[in-house]
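Colleague: Respectively, the protein sequence lines represent chains A and B. Read in this note's numbering, the first sequence has 371 at position 358, and its numbers run on one by one without any break. Read in this note's numbering, the second sequence has 381 at position 341, and its numbers run on one by one without any break. Virtual Cβ for every residue (Gly too), placed ideally from N, Cα, C.
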Amino acid sequence: MAQNLAELCIVLIENSLGELSAQIFATLAEHGRLTVHTLAEHAKIPLRRVRTGLTNLMEEQLVLHFAAEEGAPTFYSVNWRNAYNLARHTNIAELVNDRHGEHAADMVGNILQLGHARVGDLADAYDLQPASKRDSGIDTTADHMTEEGLVNGIAKTSSAKASHDMSTSEFHSTLRALLRSGVLVKVGTRAYMPPSDLQEQIEEAVIIDQFPDRKVTGPKKQSEFKLAINVLKRKWREDDAYSDLHDVGSRGAIKRPGDHFKTENKRIKVNGGHANGVLHDGEQSTTKLSDDLVVRVDFSRCTMAMRSRRLEQHAKRYLGGVTAAVYGALLQTLEGKVRAVHDDLAPDNSDDEESTLPCSTISEVAEILDPTIDLGASIKGLPGDKTLTNGTNGKKRHDEFGDFGIKRELSDSEDEPTTNGYTGYRDRAKRLSAIEAHLALLEEHARHFCKRTRAHGSNEWRVDFPALNATLIEAELDATILARYGKLALRVVRLLRERGKLEEKQVASCAMMRIKDVRAILTELQFHGILEAQELPKDNARQPSRTLYLWFFDTFRVQHLFLQQTYKGMARTMQRIPVERERYRTVIEKAERTDVKGREQEKLEQPEKQALREWREAEERLLAQVDRMDQMVALLRDFSGKDTSLTT
Amino acid sequence: MATLTKLSGPGDALYTELCKAAQNSIEGLRKVFFQSDIEQLATDTARDKKELLPLVQELVNHSLLRLSKLDRALCWSTRPRDAATAISRLNADEKLVYSYVEDAHQKGIWLRELKKRTNINPNAVTKAMNKLENAHLIKSVKNIRAPAQKTYMLYHLVPSDDVTGGSFFDAGDLDESLIDELSNLIIFHVRMQSWADTKTKRIKRETTPPPLTAADDPDTAGGKKRKRGPTTDIEDSAATTRKYRLSAYDTDDPTIEIITQLALPAYSRAYPSAEAIHSFITTTDAIRASKAAQLTVAEIQNVVDVLVWDDKLEKIGDGYRTVRGIKFRPPGFLGDEEAEDGDKVEGNGLTQVPCGRCPVFELCGEGGPVNAGSCVYWGRWLKEGA
Numbered sequence: 014m015a016q017n018l019a020e021l022c023i024v025l026i027e028n029s030l031g032e033l034s035a036q037i038f039a040t041l042a043e044h045g046r047l048t049v050h051t052l053a054e055h056a057k058i059p060l061r062r063v064r065t066g067l068t069n070l071m072e073e074q075l076v077l078h079f080a081a082e083e084g085a086p087t088f089y090s091v092n093w094r095n096a097y098n099l100a101r102h103t104n105i106a107e108l109v110n111d112r113h114g115e116h117a118a119d120m121v122g123n124i125l126q127l128g129h130a131r132v133g134d135l136a137d138a139y140d141l142q143p144a145s146k147r148d149s150g151i152d153t154t155a156d157h158m159t160e161e162g163l164v165n166g167i168a169k170t171s172s173a174k175a176s177h178d179m180s181t182s183e184f185h186s187t188l189r190a191l192l193r194s195g196v197l198v199k200v201g202t203r204a205y206m207p208p209s210d211l212q213e214q215i216e217e218a219v220i221i222d223q224f225p226d227r228k229v230t231g232p233k234k235q236s237e238f239k240l241a242i243n244v245l246k247r248k249w250r251e252d253d254a255y256s257d258l259h260d261v262g263s264r265g266a267i268k269r270p271g272d273h274f275k276t277e278n279k280r281i282k283v284n285g286g287h288a289n290g291v292l293h294d295g296e297q298s299t300t301k302l303s304d305d306l307v308v309r310v311d312f313s314r315c316t317m318a319m320r321s322r323r324l325e326q327h328a329k330r331y332l333g334g335v336t337a338a339v340y341g342a343l344l345q346t347l348e349g350k351v352r353a354v355h356d357d358l359a360p361d362n363s364d365d366e367e368s369t370l371p372c373s374t375i376s377e378v379a380e381i382l383d384p385t386i387d388l389g390a391s392i393k394g395l396p397g398d399k400t401l402t403n404g405t406n407g408k409k410r411h412d413e414f415g416d417f418g419i420k421r422e423l424s425d426s427e428d429e430p431t432t433n434g435y436t437g438y439r440d441r442a443k444r445l446s447a448i449e450a451h452l453a454l455l456e457e458h459a460r461h462f463c464k465r466t467r468a469h470g471s472n473e474w475r476v477d478f479p480a481l482n483a484t485l486i487e488a489e490l491d492a493t494i495l496a497r498y499g500k501l502a503l504r505v506v507r508l509l510r511e512r513g514k515l516e517e518k519q520v521a522s523c524a525m526m527r528i529k530d531v532r533a534i535l536t537e538l539q540f541h542g543i544l545e546a547q548e549l550p551k552d553n554a555r556q557p558s559r560t561l562y563l564w565f566f567d568t569f570r571v572q573h574l575f576l577q578q579t580y581k582g583m584a585r586t587m588q589r590i591p592v593e594r595e596r597y598r599t600v601i602e603k604a605e606r607t608d609v610k611g612r613e614q615e616k617l618e619q620p621e622k623q624a625l626r627e628w629r630e631a632e633e634r635l636l637a638q639v640d641r642m643d644q645m646v647a648l649l650r651d652f653s654g655k656d657t658s659l660t661t
Numbered sequence: 041m042a043t044l045t046k047l048s049g050p051g052d053a054l055y056t057e058l059c060k061a062a063q064n065s066i067e068g069l070r071k072v073f074f075q076s077d078i079e080q081l082a083t084d085t086a087r088d089k090k091e092l093l094p095l096v097q098e099l100v101n102h103s104l105l106r107l108s109k110l111d112r113a114l115c116w117s118t119r120p121r122d123a124a125t126a127i128s129r130l131n132a133d134e135k136l137v138y139s140y141v142e143d144a145h146q147k148g149i150w151l152r153e154l155k156k157r158t159n160i161n162p163n164a165v166t167k168a169m170n171k172l173e174n175a176h177l178i179k180s181v182k183n184i185r186a187p188a189q190k191t192y193m194l195y196h197l198v199p200s201d202d203v204t205g206g207s208f209f210d211a212g213d214l215d216e217s218l219i220d221e222l223s224n225l226i227i228f229h230v231r232m233q234s235w236a237d238t239k240t241k242r243i244k245r246e247t248t249p250p251p252l253t254a255a256d257d258p259d260t261a262g263g264k265k266r267k268r269g270p271t272t273d274i275e276d277s278a279a280t281t282r283k284y285r286l287s288a289y290d291t292d293d294p295t296i297e298i299i300t301q302l303a304l305p306a307y308s309r310a311y312p313s314a315e316a317i318h319s320f321i322t323t324t325d326a327i328r329a330s331k332a333a334q335l336t337v338a339e340i341q342n343v344v345d346v347l348v349w350d351d352k353l354e355k356i357g358d359g360y361r362t363v364r365g366i367k368f369r370p371p372g373f374l375g376d377e378e379a380e381d382g383d384k385v386e387g388n389g390l391t392q393v394p395c396g397r398c399p400v401f402e403l404c405g406e407g408g409p410v411n412a413g414s415c416v417y418w419g420r421w422l423k424e425g426a
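1. Going along chain C in order, which residues have a C-beta closer than 9 Å to the C-beta of B:Glu354?
2. Distance check for A:Gln547 and B:Asn183, CA to CA, integer angstroms please.
3. So if DSSP puts B:Gly1 in a beta bridge, which residue, or which two residues, is it bridged to?
4. For the segment 631-650 of chain A, which residues have a beta carbon sitting closer than 7 Å to at least one beta carbon of chain B?
5. Quick one: what's got a C-beta closer than 7 Å to A:Glu377's C-beta in the same chain, skipping five residues either side?
6. Over the uninterrupted alpha helix (DSSP H) stretch that includes A:Thr230, give me the two end residues.
7. Taking 9 Å as the CB-CB limit, is B:Gln97 close to chain A?
8. Could you check what DSSP says for A:Phe565 in three-state terms: helix, strand or coil?
9. In this structure, what does DSSP give as the bridge partners for A:Ile590?
10. Where does A:Thr299 land, buried or exposed, given buried means 16+ other C-beta within 10 angstroms?
11. How many angstroms separate the CA atom of A:Leu370 from the CA atom of A:Ala480?
12. Kindly confirm or deny that the segment 530-541 of chain A and the segment 472-491 of chain A touch, where touching means at least three C-beta pairs closer than 8 Å.
13. Do you know offhand how far A:Arg193's Cα is from A:Leu135's?
14. Would you please state the rounded distance, in angstroms, between the beta carbons of B:Ser103 and B:Ala124? I believe it to be under 8 Å.
15. Please state whether DSSP places B:Met193 in a helix, a strand or coil.
16. Residues of chain B with CB closer than 8 Å to the CB of A:Ala483, please, in chain order.
17. Label A:Thr230 either buried or exposed according to how many other C-beta atoms from any shown protein chain fall within 10 Å of its C-beta, with 16 as the threshold for buried.
18. Which residues in the same chain as A:Cys523 place their Cβ atom closer than 8 Å to its Cβ, once the five residues preceding and following it in sequence are excluded?
19. Rounded to the nearest angstrom, how far is the Cβ of A:Ala328 from that of A:Thr336, given a contact under 8 Å?
20. List the residues of chain A whose Cβ lies closer than 7 Å to the Cβ of B:Ile317, in chain order.
21. Which residues does DSSP list as the beta-bridge partners of B:Lys179?
22. Rounding to the nearest angstrom, what Cα-Cα distance links B:His229 and B:Phe209 in this structure?
23. Applying a beta-carbon distance threshold of less than 9 Å, which residues of chain A neighbour B:Asn342?
24. Check the C-beta distance from A:Ala96 over to A:Leu52 and give it rounded, since I have them as a contact under 8 Å.
25. Would the beta-carbon of A:Gln588 fall within 9 Å of that of B:Ala412?
26. Give me the subset of the segment 565-589 of chain A whose CB atoms are less than 9 Å from a CB atom of chain B, sorted by chain position.
27. Determine, using beta carbons only, whether B:Gly464 comes closer than 9 Å to chain A.
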């Protein structure tokens with residue numbers, strides 16, 4: 014399985030760390046876990062260089078290492094997930110940009126590049142070169158104020174203050190927001206151990222602790238043992254997790270620039286950062302994170318955000334942008350309540366799947382939803398936002414609807430012109446009911462984007478992620494098939510997915526097509542591994558002419574096939590970049606010469622500038638396409654959280 | 041065998057009784073009578089079983105009753121009188137052939153099957169078939185499942201849908217234009233009930249390029265778009281529901297009509313179900329009356345299913361709604377719809393790159409005959425965008 018993935022990972026590593034690391038990684042990928050000496054032997058690289066390469070790889074967490082005891086040889090093995098995650102950096106930075114603003118994206122981008130970082134070092138890096146932030150900071154307010162995620166206080170403060178450099182307090186508050194939202198996590202000592210060794214260590218600890226006779230066989234003991242292991246695992250994980258309480262720097266509130274903070278607090282309050290209620294910016298910025306805290310980006314959390322975005326896009330396709338925005342807000346409120354995409358330590362009571370899904374109330378959604386969206390505009394019969402702010406306006410709107418002769422159910426009682434001034438409560442009620450209408454629309458849809466909990470009339474909503482994930486995967490497969498083989502092929506595939514195994518005559522009659530055409534499509538799809546046929550011989554001779562063929566579509570298999578193809582496509586796209594670079598080599602080299610660098614405008618000829626621009630465009634395009642394919646990989650592989658193909 | 045004694049009075053009476061009972065039943069001529077059924081009906085003509093037996097035997101001899109077995113019990117069914125007289129003139133072979141064709145009923149029977157089952161000289165069968173066909177006792181029909189095979193059934197029977205293939209087959213051939221028109225009609229019907237439209241007129245300026253990507257609400261589009269700019273990407277444009285009026289005036293007309301689909305509040309209405317669509321289709325004048333009468337709900341359901349698979353309709357509750365952005369062809373619209381649809385295909389990350397559609401993708405590899413460096417598709421792809 015790993016061939017395509019390995020190729021991709023090697024290309025990615027070569028791209029970010031250079032050839033030496035790539036070669037070591039390739040050797041490890043091929044041979045499994047090795048000690049330094051055998052590694053050097055296999056890779057035919059001098060030991061010293063191997064050590065350098067390994068250090069590089071380890072810094073990026075691309076290699077796991079473990080020594081059973083003091084003095085025992087250390088074994089190295091590759092970390093597939095992290096290696097692949099190199100391809101996801103841009104997507105994550107973009108997501109963070111959407112939700113937490115540009116500073117946060119910048120910071121996350123840096124942490125991604127470093128693999129992991131000490132807070133102190135990061136702070137140094139930012140304090141030493143504040144000038145570099147200036148150009149990026151200026152347009153933040155204009156571009157990102159209304160992004161969906163930006164309503165929570167931190168982002169607001171950071172973008173509100175974007176006109177000047179990031180201050181220490183801002184740096185810490187952004188970092189804390191990222192930690193709290195789960196984008197960043199604390200790195201513990203155990204992060205570099207292969208999971209299997211970790212499991213062994215936990216088992217050993219449990220045995221020593223609770224089973225001194227070392228007997229863990231037998232059903233009762235076995236289950237006790239498992240329970241104990243899970244308890245310990247959870248404890249270790251919690252030890253490693255970030256918490257506001259323990260990870261605040263021991264020096265606590267920094268008094269040194271205290272007066273500065275006071276003015277900051279005032280400014281925040283004026284800006285309305287407090288109104289959100291959830292995050293108290295003022296208090297937050299006074300506490301500083303411990304300098305020794307090591308943080309990294311939590312990819313599974315980011316995967317979840319990507320899933321939310323994908324679901325939102327899916328909803329947009331079927332129900333339009335406004336409803337999708339409401340859905341996006343709902344998903345974001347839910348995100349904070351799920352631990353991970355798939356929590357393997359969650360209590361395993363599969364009978365009651367329903368109750369394990371988190372739920373959110375409408376007011377939570379309202380808090381996070383972009384207030385500039387006109388909620389009424391996309392559902393017939395809902396009053397538009399403008400009716401709420403101004404009474405006369407509402408009247409006009411009313412007439413407008415009347416012209417269409419539309420039945421207005423919700424509006425009649427609520428849309429009476431109101432006098433300005435006492436609209437606050439009514440506005441809110443209307444906003445909530447509008448949100449509810451959108452959520453109901455989402456619920457009504459055949460894909461069941463969300464569900465109202467329990468009885469009708471309750472205010473809580475939940476999203477059935479496993480089911481929707483299956484829908485997303487199917488939609489993605491459909492899109493691929495449609496683009497590759499056309500409309501009719503898609504029709505056949507969806508038919509077979511819904512109806513199960515069918516004979517070609519049945520397929521033809523269900524799809525309302527001629528048998529001849531159906532046969533051509535079926536064979537083509539079979540050739541490409543999308544459909545399969547089960548033979549059903551009528552007699553013992555098993556002659557093809559006396560055999561029935563039942564066609565079927567195996568979602569899981571096709572999903573896997575497309576995943577592999579996507580890996581391969583990504584690898585090819587990455588490999589194309591040096592090829593393109595070669596075409597523009599002379600110009601690039603000239604542009605990189607020390608006497609030209611920085612003065613390209615005067616030193617380069619017009620055609621050279623043109624060529625340089627072309628090269629940049631080509632590279633951009635190729636990289637953008639890798640990002641898109643990564644989104645597809647995320648969908649096909651990571652959204653369910655149940656994928657095991659990357660575990661070492 | 042050729043000459044039979046004339047039908048006796050009581051026999052005739054019993055036959056009439058049976059015919060009446062058969063016609064009153066739902067199955068018509070297919071109605072089968074068991075011994076107990078006949079005994080009940082024959083209370084007037086025959087007092088007990090002893091008298092009944094010769095009567096039944098007489099009717100069977102006259103070919104007015106057909107003897108068959110169901111669940112190991114003997115049973116009888118009636119035959120029309122004129123068929124009976126024709127049958128009584130047949131010889132043994134022909135009678136045998138006829139009984140097999142009769143057994144096949146509406147499904148019909150293949151000639152080859154017939155030859156195999158009757159176990160008589162194939163030539164004799166062909167000869168018998170010709171004779172029966174000329175006597176208008178049986179007829180040949182075209183079976184949709186096996187168009188090459190000759191299928192026979194009794195002359196007075198209408199072939200079942202299994203044989204003809206249903207309403208969408210015209211003389212054994214799939215009537216694609218009918219399906220196409222019907223689909224369009226269904227989309228039209230459902231579309232009218234599933235989304236509300238708002239129309240906004242905009243002045244079209246000479247210099248403005250066609251309106252940019254989606255803005256969901258034309259009223260606030262201007263203000264919102266500026267702020268929400270970054271989120272609009274390619275995916276969003278799929279959801280654009282703007283339409284431009286296709287008219288001859290289009291070039292002169294300074295206004296463009298922008299139609300935005302508005303969702304109706306959830307749970308506020310029942311979307312049309314297959315039955316509702318069926319009743320609409322059969323009552324409009326769009327389809328020839330004889331064809332409309334023939335259409336069944338199941339057939340409409342089939343068309344609807346296909347539309348769902350084509351992503352044109354979606355199921356909401358028990359009914360159907362058109363997928364957002366789906367439009368129907370106005371009557372008389374002769375534009376090339378395929379081309380229009382073709383442009384819309386965006387695919388995804390994989391299919392946008394050449395690799396996703398590469399015919400030699402399997403061969404591609406570092407150092408192989410095809411690789412990322414030697415690939416011709418990449419060059420073309422990069423040039424396209426530049």
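Modeller: The structure says:
1. The structure shown contains no chain C; its protein chains are A and B.
2. Approximately 26 Å, taken between the alpha carbons.
3. This structure gives no information on residue 1 of chain B, because the portion of chain B shown stretches from 41 to 426.
4. Contact annotation: in the segment 631-650 of chain A, residues whose CB is within less than 7 Å of a CB in chain B are Ala631, Arg634, Gln638, Arg641, Met642, Gln644, Met645.
5. Taken in chain order, the residues that qualify are Thr346.
6. No alpha helix (DSSP H) contains A:Thr230, which DSSP labels as neither H nor E.
7. No, B:Gln97 lies away from the interface with chain A (no Cβ there is under 9 Å from its Cβ).
8. In the structure shown, A:Phe565 sits in a strand (DSSP, three-state: E or B).
9. Bridge partners of A:Ile590: none, in fact.
10. Low per-residue confidence applies at A:Thr299: pLDDT is 46, beneath 50, and the placement is therefore not dependable, though the value from the model is reported in the following sentence. Counting Cβ neighbours within 10 Å, A:Thr299 comes out buried, since at least 16 surround it.
11. Going by the C-alpha atoms only, they are around 12 Å apart.
12. No, because fewer than three Cβ pairs between the segment 530-541 of chain A and the segment 472-491 of chain A fall closer than 8 Å, the two stretches do not touch.
13. The alpha-carbon atoms of A:Arg193 and A:Leu135 are separated by roughly 18 Å.
14. With 8 Å as the limit, B:Ser103 and B:Ala124 qualify as a contact, their Cβ atoms being about 4 Å apart.
15. Reduced to three states, the DSSP call for B:Met193 is strand.
16. The premise fails here: A:Ala483 is roughly 17 Å from chain B at the closest Cβ pair, so nothing lies under 8 Å.
17. With fewer than 16 Cβ atoms within 10 Å of its Cβ, A:Thr230 is classed as exposed.
18. For A:Cys523, where only same-chain residues beyond five positions count, the Cβ hits under 8 Å are Leu508, Arg512, Leu515.
19. Here A:Ala328 really is in contact with A:Thr336; their C-beta atoms are around 6 Å apart, less than 8 Å.
20. Correct list: empty, because the minimum Cβ distance to chain A is about 15 Å.
21. Within the DSSP secondary-structure output, B:Lys179 pairs in a beta bridge with B:Met193.
22. Taking the straight line from one Cα to the other gives about 24 Å.
23. Chain-order list of chain A residues neighbouring B:Asn342: Ser522, Cys523, Met525, by C-beta distance under 9 Å.
24. The C-beta distance from A:Ala96 to A:Leu52 rounds to 16 Å, too long to fall under 8 Å, and the pair is not in contact.
25. Yes, the pair counts as a contact, with Cβ atoms nearer than the cut-off.
26. Result list: Phe575, Gln578, Thr579, Lys581, Gly582, Met583, Ala584, Arg585, Thr586, Met587, Gln588, Arg589.
27. With chain B covering 41 to 426 only, the question about residue 464 of chain B has no answer from this structure.
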